[in-house]
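The sequence shown lines up with residues 262 to 551 when you count with this note's numbering.
Glycine is no exception: its CB is placed at the ideal position from the N, C-alpha and C atoms.
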Amino acid sequence: MSDSAYLLTLYGGGGSAASSASMIDTIYGLAGSGGTSTAPPYGITTGNPIVALQEAQATQTQGIANEAKQPQVERTLAQFNAAVQGATSVQQLLSNPDVLNVLLTANGLGSQTGFTALAQKALMSDPSDPNSLVNQLTNTNWKSAAQTYQFATKGLAVIQNPQVLSTIANGYTEVLWRQSLDSAVPGLSNALSFKQQASSITSVDQILGDSTLRTVVTTALGIPQQIAFQDLTAQETAISSRVDISKFQDPNFVNAFTQQYLLAAAGNTATTGGGTSLDSLAVHAQGLVV
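Below you can see the structure in the form of C-alpha cells.
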C-alpha cells in the first residue's frame, strides 16, 4: 500500500494511491495548478505535501548543492569569508551586519540578526562562567554558538579555520534550502527532520523538549499551540492521551503521522498565513558542530 493510501486508511479514508493523491490535491487546491510566481525548490515538482516530502528526501543533497550555486548565495558567502579572514578583532567582526546574517542564520539565531549589541556580548561571553550573559539567555542557541566558536578564549582562531568556514557555509545554505521547501510546501522542513528523529522518541518529555518534534506532534494531533502556557503535566497528558509513543518505532505509522502533520500544516497556513521560522529551519540544518 502506498503512503498516500495508508494515510487515508489510517485516518478514515480509502481507495487507490492515485485517487488518494488526487483527493489530497483537490482538498488543498493543488490539482492542476499552473505554478507559482517563483521557481520551486530543486526536485520539488508538486504542491502535494505527501509527494513533495518524498521528492525532498530523494533530492536533499543535490538541492542543497544547487542552492549553494545560486549567485546571491555565492556572493553572500564570498563576502562573509573575506570579512572573517580580514578581521583583526572579534568585536570588529561581529560589528559587521553581513557577517552576523550568515553566522547567526547558520546557528539557529537568524531572527536575532538585528540585535548587534546582544550578539557581540553573547558570543564574546565565556560559556564556562555561570554568570556570563550567554548563560542567562533562555535561547540556548546563543550558548551553543559561543561554545562552538570560543570567541572569549580563542579570539578569531576558530572561526578563521577553513573547515569551520565551510561548515558555516553549509549550514547557511541548508537553511536557505529548507526555507525554500517551506515556501513551496508548509512544514516540509519539519517533516523531513521528524522522519529522521521519530524512531529515537522514547518519551513525551522528549517531544516537548524539542521544538521540531513538539511542532510536528502537536500539529498532527490538533493540539492548540496555547498548550505551551499550561503546566507540564497538562502538556504531557494532551499528547499521551492522543498517541501511543511506542508507535513511532513503526515506519508505516511514522510515514502516516508525518503526512498527517503536513496536511494539517497546509491547512493551518492557509488559514493563518503562518510559516516556519528561520531559526526553526536552522535547527534542522546539518553539520553545525565544529
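field: Three-state class that DSSP yields for Ser389 in the structure shown
entry: As a working mapping, residue 389 is identified with position 128 in the sequence shown. Ser389: coil per DSSP, three-state reduction.
- request: Given a cut-off of 8 Å, decide if Ile462 and Leu449 are closer than it, judged by their beta-carbon atoms.
  value: Sequence index remark: in the sequence shown, residue 449 carries index 188 (1-based). Sequence index remark: in the sequence shown, residue 462 carries index 201 (1-based). No, the pair does not count as a contact, with Cβ atoms beyond the cut-off.
- prompt: Helix, strand or coil: how does DSSP classify Gly483 here?
  reply: Here residue 483 is taken as the residue at index 222 of the sequence shown, counted from 1. Gly483: coil per DSSP, three-state reduction.
- prompt: If you draw a straight line from the C-alpha of Ser507 to the C-alpha of Ile311, how long is it?
  reply: As a first step, residue 507 is located in the sequence shown; it is residue number 246 there, counting from the start. As a first step, residue 311 is located in the sequence shown; it is residue number 50 there, counting from the start. Between the alpha carbons of Ser507 and Ile311 lies a distance of about 23 Å.
- request: Use the C-beta contact count for Asn392: other C-beta atoms within 10 angstroms, 16 or more gives buried, fewer gives exposed.
  value: The residue given as residue 392 occupies position 131 in the sequence shown. Burial check for Asn392: the Cβ neighbour count within 10 Å stays below 16, so the residue is exposed.
message: What does the alpha-carbon distance come out to for the pair Gly347 and Leu417?
response: As a position in the sequence shown, residue 347 is number 86, starting the count at 1. As a position in the sequence shown, residue 417 is number 156, starting the count at 1. One Cα belongs to Gly347, the other to Leu417, and the distance between them is close to 10 Å.
query: Just the Cα atoms here: how many angstroms apart are Gln315 and Asp471?
result: What you label residue 315 is simply residue 54 of the sequence shown in a count that begins at 1. What you label residue 471 is simply residue 210 of the sequence shown in a count that begins at 1. In a straight line, the C-alpha of Gln315 is about 24 Å away from that of Asp471.
message: I'd like to check one pair, Ala413 with Leu370: are the Cβ atoms closer than 8 Å?
response: Counted from its first residue, the sequence shown places residue 370 at position 109. Counted from its first residue, the sequence shown places residue 413 at position 152. Their beta carbons are not under 8 Å apart, which means Leu370 does not touch Ala413 by this criterion.
Buried versus exposed call for Asp505 [16 or more other C-beta atoms within 10 Å across all chains shown]: Locating residue 505 in the sequence shown gives position 244, counting from the first residue. With fewer than 16 other Cβ atoms within 10 Å, it is exposed.
message: Using the three-state DSSP reduction, which class does Gly416 fall into: helix, strand or coil?
response: Indexing the sequence shown from 1 puts residue 416 at position 155. Coil.
message: For Thr326 and Ala526, I'd like the C-alpha separation in whole angstroms.
response: Within the sequence shown, numbered from 1, the residue matching residue 326 stands at position 65. Within the sequence shown, numbered from 1, the residue matching residue 526 stands at position 265. Here residue 326 turns out to be Ala, not Thr, going by the sequence shown. The straight-line gap from Cα to Cα measures roughly 27 Å.
- request: Check whether the Cβ atoms of Val363 and Leu354 lie closer than 8 Å to each other.
  value: As a working mapping, residue 363 is identified with position 102 in the sequence shown. As a working mapping, residue 354 is identified with position 93 in the sequence shown. Taking a C-beta distance under 8 Å as the contact criterion, Val363 and Leu354 do not qualify as a contact pair.
field: Residue nearest to Ala481 in terms of C-alpha spacing, selected from Ile500, Arg439, Gln496 and Asp492
entry: Reading the sequence shown from its first residue, position 220 is the one you call residue 481. It is Ile500.
field: Asp359 Cβ short of 7 Å to the ligand COA heavy atom set
entry: In the structure shown, the ligand COA is absent, as is every other ligand, since no ligand is present at all.
query: On the three-state DSSP scale, how would you describe Thr463?
result: The residue labelled residue 463 in the question sits at position 202 within the sequence shown. Reduced to three states, the DSSP call for Thr463 is coil.
- request: Can you grab the Cα-Cα spacing for the pair Ala339 / Lys330, in whole Å?
  value: Here residue 339 refers to the residue found at position 78 when the sequence shown is read from its first residue. Here residue 330 refers to the residue found at position 69 when the sequence shown is read from its first residue. The alpha-carbon atoms of Ala339 and Lys330 are separated by roughly 12 Å.
- prompt: Quick one: is Gly324 buried, meaning 16 or more other Cβ sit within 10 Å of its Cβ, or exposed?
  reply: The sequence position of residue 324 within the sequence shown is 63, counting from 1. Residue burial is scored here from C-beta neighbours: Gly324 has at least 16 other C-beta atoms within 10 angstroms and is therefore classed as buried.
- prompt: Do you know whose CA, among Val345, Ile305, Ser386 and Ser444, lies nearest Leu426's CA?
  reply: Within the sequence shown, residue 426 is the residue found at index 165, counting from 1. Of the candidates Val345, Ile305, Ser386 and Ser444, the one whose C-alpha sits nearest the C-alpha of Leu426 is Val345.
query: For the region 513-529 against the region 434-452, are there 3 or more C-beta pairs whose distance is under 8 Å?
result: These segments touch.
- prompt: What's the C-alpha gap between Val334 and Arg439?
  reply: Counting from 1 along the sequence shown, the entry for residue 334 is found at position 73. Counting from 1 along the sequence shown, the entry for residue 439 is found at position 178. Within the model, the alpha-carbon separation for Val334 versus Arg439 is close to 14 Å.
task: Tell me whether the beta-carbon of Phe509 lies closer than 8 Å to the beta-carbon of Ser454.
output: For the purposes of this step, residue 509 is taken as residue 248 along the sequence shown, with counting starting at 1. For the purposes of this step, residue 454 is taken as residue 193 along the sequence shown, with counting starting at 1. The answer is no: Cβ separation not under 8 Å.
message: Can you tell me whether Leu370 is helix, strand or coil according to DSSP?
response: Numbered from its first residue, the sequence shown carries residue 370 at position 109. Here Leu370 sits in coil by DSSP.
query: Of all the options Ala452, Ala367, Gln457 and Glu497, which has the alpha carbon lying nearest to the alpha carbon of Leu437?
result: Counting from one through the sequence shown, the residue named residue 437 turns up at place 176. Out of Ala452, Ala367, Gln457 and Glu497, Ala367 has the C-alpha closest to the C-alpha of Leu437.
field: First through last residue of the alpha helix (DSSP H) which encompasses Gln321
entry: Looking up residue 321 in the sequence shown gives position 60. For Gln321, the uninterrupted alpha helix (DSSP H) run begins and ends at Pro310 to Ala329, by DSSP.
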